[in-house]
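Residue numbers (my numbering): 2 to 201.
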């Protein structure tokens, strides 16, 4: 179903997203979101029930956005398995304004989730789903890769990529898009090389 921009649910959801992107997790209060959405705090509470649920909604939105982009990146029918893996990995790097915002929100959630179980549980769930996606792509590299090896390679890739995301969102000068992509390609290449060795 198409969501219209004048739909109050869409307006409130966008206000939560924009407030977190601009102010960070800690400063995203019900009042701040209500101000941005042009509504009462009561309407925000009616929509979500609590500040925690409001933040979890934003984390779910982040997951849906990045998952949709990863789906699109990995859908190329003529791509090799290695090219699909690289394309999906690059889909989450902060290479443009939209993904910079997503990276800020991801980084903010990662920090806030350390001390907040309500945020930690969905954050861990979504990062594990990302690992599962990457492991599936790694498994496509070779018929000889075991499930355990695919999972280990996926952890290696995720660790490298999340490091790139955090560093790039904090220091764009040192980690411009070209550098991000080069580092991601080297990480993928090391996994491809190791997987190719299993075929020999």
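Beta carbons are placed, not taken as given, at the ideal position from N, Cα and C, and that holds for glycine.
Check: Residues in its own chain within less than 6 Å of residue 71 by CB, not counting five upstream and five downstream?
Finding: 89 and 92
Checklist line | residue 9 in three-state terms, based on DSSP | finding: helix
Next item on the list: Whole angstroms is fine: what's the gap from residue 4's alpha carbon to residue 10's?
Entry: Caution applies to residue 4, whose pLDDT of 42 falls short of 50 and renders its modelled position unreliable; the model cannot decide the point.
Margin query: To the nearest angstrom, how far is the alpha carbon of residue 105 from that of residue 170?
Written below: 7 Å
Notebook entry, point to check: Under 8 Å between C-beta atoms, does residue 121 make it to chain C?
Noted result: No chain C is present in this structure, which holds just one protein chain.
Notebook entry, point to check: To the nearest angstrom, how far is it from the Cα of residue 176 to the Cα of residue 167?
Noted result: 10 Å
Notebook entry, point to check: Where residue 22 and residue 145 are concerned, what is the direct C-alpha to C-alpha distance, given to the nearest angstrom?
Noted result: 43 Å
Next item on the list: Please name the residue in 65, 66, 35 and 63 whose C-alpha comes closest to that of residue 51.
Entry: Of the listed residues, the one whose Cα sits closest to residue 51 is 35.
Margin query: According to DSSP, is residue 45 part of a helix, a strand, or is it coil?
Written below: In the structure shown, residue 45 falls within a helical segment according to DSSP collapsed to helix, strand and coil.
Next item on the list: Might you give, ordered along the chain, the residues of its own chain that have their beta carbon closer than 6 Å to the beta carbon of residue 121, omitting 5 neighbours on each side?
Entry: In chain order, 114 place their CB closer than 6 Å to the CB of residue 121, counting only its own chain and leaving out the 5 sequence neighbours on each side.
Next item on the list: Verify whether the separation of the beta carbon atoms of residue 13 and residue 48 is less than 8 Å.
Entry: yes
Item checked: Assigned secondary structure, residue 40 (DSSP; H/G/I helix, E/B strand, else coil) -> coil
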